[in-house]
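Read through the structure below, which is laid out as structure tokens, and then see the notes.
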Amino acid sequence: MELTELKQELDQANYIYDDTLATTLYVALKLGRPLLIEGAAGVGKTEVAKVMAAALDRELVRMQCYEGLDESKALYEWNYQKQLLSIQVNMSSEDKDALTKSLFSDEYLLERPLLKSIRSRRPVVLLIDEIDKADEEFEAFLLELLSDMQVSIPEVGTIRANTVPFVVLTSNRARPLSEALRRRCAYLYIEYPDVEKELAILRAKLPHVDDRLCHQVALAVAKLRSSEAILKKPSIAESLDWAAALDALGIRELTPDALRQTAGFVLKNAEDLNVFDQEQEEDHACSCGHHDHHCGGHHHV
Amino acid sequence: MSDGGVYSEKLSYFSRMLRREGLSVGPQETADACEILTHVGLEDRESVKTALRTVYAKSREEQLTFDRVFDGFFISEEAMREQAKRQMEKEQQMAEARQEAREDLQGTGFSEQQKELYAAMSAEQRQRLRDIKKKFDKDLGRNNPGLYGNFIHSVFARAMLEQQMLMENAGADVAELDPELGLLYRDIGQFKDVEIPKAIHIIQDISRKINGELTAKRKNKAHSGKLDFRRTIRKGLETGGSLYRLKYRRKRQRKKHLVLLCDVSGSMMQFSEFALRFIQSLNQASDSSRVFLFSESVTEADAFSLQNMDLFRQFVRDQNIYGKGTDLGTALSHLCTAKPAPLGAATTLLILSDTKTIDQPRAIAALQEAKRQAGKVIWLNPIPESKWGYIRSVQVFSNVCTMVSCSTLHDLAQACKRLADS
Chain A
1 MELTELKQEL DQANYIYDDT LATTLYVALK LGRPLLIEGA AGVGKTEVAK
51 VMAAALDREL VRMQCYEGLD ESKALYEWNY QKQLLSIQVN MSSEDKDALT
101 KSLFSDEYLL ERPLLKSIRS RRPVVLLIDE IDKADEEFEA FLLELLSDMQ
151 VSIPEVGTIR ANTVPFVVLT SNRARPLSEA LRRRCAYLYI EYPDVEKELA
201 ILRAKLPHVD DRLCHQVALA VAKLRSSEAI LKKPSIAESL DWAAALDALG
251 IRELTPDALR QTAGFVLKNA EDLNVFDQEQ EEDHACSCGH HDHHCGGHHH
301 V
Chain B
1 MSDGGVYSEK LSYFSRMLRR EGLSVGPQET ADACEILTHV GLEDRESVKT
51 ALRTVYAKSR EEQLTFDRVF DGFFISEEAM REQAKRQMEK EQQMAEARQE
101 AREDLQGTGF SEQQKELYAA MSAEQRQRLR DIKKKFDKDL GRNNPGLYGN
151 FIHSVFARAM LEQQMLMENA GADVAELDPE LGLLYRDIGQ FKDVEIPKAI
201 HIIQDISRKI NGELTAKRKN KAHSGKLDFR RTIRKGLETG GSLYRLKYRR
251 KRQRKKHLVL LCDVSGSMMQ FSEFALRFIQ SLNQASDSSR VFLFSESVTE
301 ADAFSLQNMD LFRQFVRDQN IYGKGTDLGT ALSHLCTAKP APLGAATTLL
351 ILSDTKTIDQ PRAIAALQEA KRQAGKVIWL NPIPESKWGY IRSVQVFSNV
401 CTMVSCSTLH DLAQACKRLA DS
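Heads up: the protein sequence lines correspond to chains A and B, in order.
The first sequence begins at 1 in the numbering used here and counts up by one.
The second sequence begins at 1 in the numbering used here and counts up by one.
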């Protein structure tokens, strides 16, 4: 697939992107490297994998990482209950070796996402989400899969990939990832979108919402993100929720009152809401010369 | 591409430059870069830059370095000539400045590195120092030549230190390009009020991460060798009663007892607040901790006053130790003689101070006594290590105990992690 074709596919998937993102995806795809995406929470890292699955017309296999994730949850597990039942049933069997061998066959193998993604007949997109939440041991275990596209199961041997999945790893940078893992990946850092891009996303995802309102939401969100005092910056999903909520409430303009009533959609902790309230009060007291109620309807975001 | 060999050679040279700047670039990356350029082409500079960045840079920090190196490497011919001309002029000026430095500092005992700093100063600054020297030169050899000599030496040393700080701050700009990284690498004492909540947020994030890592490490450490029957049987129920996997009792981990001695005088206040917050939030680092605050006198802080920054500041004011001078000797003597004794063989004493104190000999004697009583003494110093050579008190105290530089949140996190890990 060439860069222009990839762009067309991304367009068809209704995904808003810039040239940097498209080129990076193209590079990862061409080199057959896993793509490591970092960035703050809510900038659309996971969305990239979903969109790539749609663009490449592949199944998305998702693995959510968490502390304590191990091979049995990520790669494979033997179906112990079924194996024990089989032993009980075939207790009287003459050929003990054949029975032992059959216990470690596909019939008793429970595929987890990693194994599923490399044994699939059709190539898939494998999303390893929030890899920074998994332990370092798990990261080391991933190296074999990412570099050689194979995994080792002691009872079976080495399983090579039937098809090569397009692997997307995401990280919120909660902990630094190992150098070895980074070296095996193509790297992409996603920042919060600027006002134009945010507006384009709002327009694409919420076509029914008034364009002026979308513009005001994009501006307000950009201002909140640029504020040093706001600890949890609003994500793209939150700005979409906010615009949708304003629309559902029948609000056509983001006035100070509307802002105050719906701030909970975009700011999700008490400290940030307090800072927001204080800033609003300061704005009303000084910038327009009128008090809140006589403000003539213009907004102060 | 018309001549693949030329481009491979250029890319190989580019890879070497990136390696020199600290990026971990191997032959695989260079091969990938060559391959991807055959697909992307060389028509669009931005596409080439993005494609190469994807291949070479593997973190946000590396991306910033990559952009800088790329912009310096792949430039137009005209810009290259202009740059070479500027570079030549700069080198000529530098050679002249070095010659001046050699002449001006002849017989003064300054090292070659310090002469380089002198040469890097502006012409006006060098002239100002020459004027001072000239003014006092005629007094040398009169009543007290040693005194004038020392005075001139200290004036020059101070100017060089300022120059070094100036150059280091210029280097720190790269980190500041990224707002997320900026606070991590900036001097804690220079945080603005508006940045403090963000810094606290960063501390919480880092300490949660370190706690998680330590917990995981302890969890994975070897078991005690004793079988845990209850857990083994429970696990066995999953496999129809077969004891498929044996479970062992974990080793009991012994954590440390920490005693923190924090300087809260004037300039140290902000650093101590951050460092305390950091250490307190590392619940995996120690079993118990006692915190002593000192300036001219010393007082023990209770857990309530350390809950947040406002309470901490209020406590320091109430105890009448705010805005006073520093007397480390008194504080350490108090720790050594207090009953019940805060220090013991299982205790790690952490001193948070910039080493400035009155009555240094008494402070050194007290530090030696504290070191004898405590299991370990570690000094967290907010002064960057590069400046330690200029400050006598730092050299003296660092000879007595382990001293770690913690001028930034990043340094502080590293030091706390090492402390918890050891």
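Using N, Cα and C, we set each Cβ at its ideal position, and we do this for glycine too.
Residues near L246 (chain B) in its chain [Cβ-Cβ closer than 7 Å; skip 5 each side]: Here the set comprises L227, T232.
Cβ of C185 (chain A) within 8 Å of any chain B Cβ: yes
Local conformation of M94 (chain B) per DSSP, three classes: helix
Chain A contact residues for R60 (chain B), given Cβ-Cβ distances below 7 Å: E38, Y189
Pairwise C-alpha distance: N274 (chain A) and D193 (chain B): 17 Å
C-alpha distance - Q125 (chain B) paired with K58 (chain B), whole-angstrom precision: C-alpha separation (whole angstroms): 42 Å.
Within 8 Å, strictly: CB atoms of I128 (chain A) and V164 (chain A): no
Backbone CA spacing between K376 (chain B) and G26 (chain B) [nearest angstrom]: 42 Å
A358 (chain B) versus L184 (chain B) - alpha carbon distance: Looking at the sequence provided, one finds Ile at residue 358 (chain B) rather than Ala. Straight through space, the alpha carbons of L184 (chain B) and I358 (chain B) are spaced by roughly 32 Å.
Beta-carbon contacts of D272 (chain A) that lie in its chain and below 7 Å, excluding the five residues immediately before and after: I230, L231, K232
As assigned by DSSP and simplified to three states, the class of A123 (chain B): helix
8 Å CB neighbourhood of P361 (chain B) in its chain, flanking five on each side removed: none
Close beta carbons around L99 (chain A), own chain, < 7 Å, minus the five adjacent residues each side: N90, S93
Paired residues, beta bridge with L127 (chain A) - DSSP: A:R62, A:V168
Cβ distance (whole Å) where S207 (chain B) is taken to contact L258 (chain B) below 8 Å: Wrong, their Cβ atoms sit about 14 Å apart, outside the cutoff.
Bridge-paired residues (DSSP) for F292 (chain B): B:L261, B:E300
Bounding residues of the alpha helix (DSSP H) (the contiguous stretch that carries L64 (chain B)): 60-73
Nearest-angstrom Cα separation, counted from Y192 (chain A) out to G44 (chain A): 9 Å
contact_flag[the region 36-53 of chain B, the region 12-26 of chain A] where n(CB pairs < 8 Å) is 3 or more: yes
Rounded C-alpha distance that separates V305 (chain A) from L3 (chain A): The first residue shown for chain A is 1 and the last is 301, placing residue 305 (chain A) beyond what the model contains.
Under the three-state DSSP convention, the category S43 (chain B) falls into: Per the sequence shown, residue 43 (chain B) should be read as Glu rather than Ser. Correct three-state label for E43 (chain B): coil.
Counterpart residues of L36 (chain A) in DSSP-defined beta bridges: A:L169, A:Y187.
Integer-rounded CB distance, given that E35 (chain B) should sit under 8 Å from L31 (chain A): 7 Å
The alpha helix (DSSP H) enclosing T46 (chain A), as first and last residue numbers: That run of the alpha helix (DSSP H) goes 45-56.
Below-8 Å beta-carbon distance, I36 (chain B) vs any chain A residue: Yes, its Cβ sits closer than 8 Å to a Cβ of chain A.
For R20 (chain B) and S12 (chain B), the rounded distance between their alpha carbons: 12 Å
Neighbourhood of G389 (chain B) by C-beta, 8 Å cutoff - its chain only, sequence neighbours within 5 removed: Closer than 8 Å at Cβ, skipping near neighbours: Q395.
With 16 other Cβ atoms within 10 Å as the buried cut-off, status of V61 (chain A): When all chains shown are included, V61 (chain A) counts as buried.
Continuous beta strand (DSSP E) stretch holding V266 (chain A): start and end: Unbroken run through V266 (chain A): none, as it is neither H nor E.
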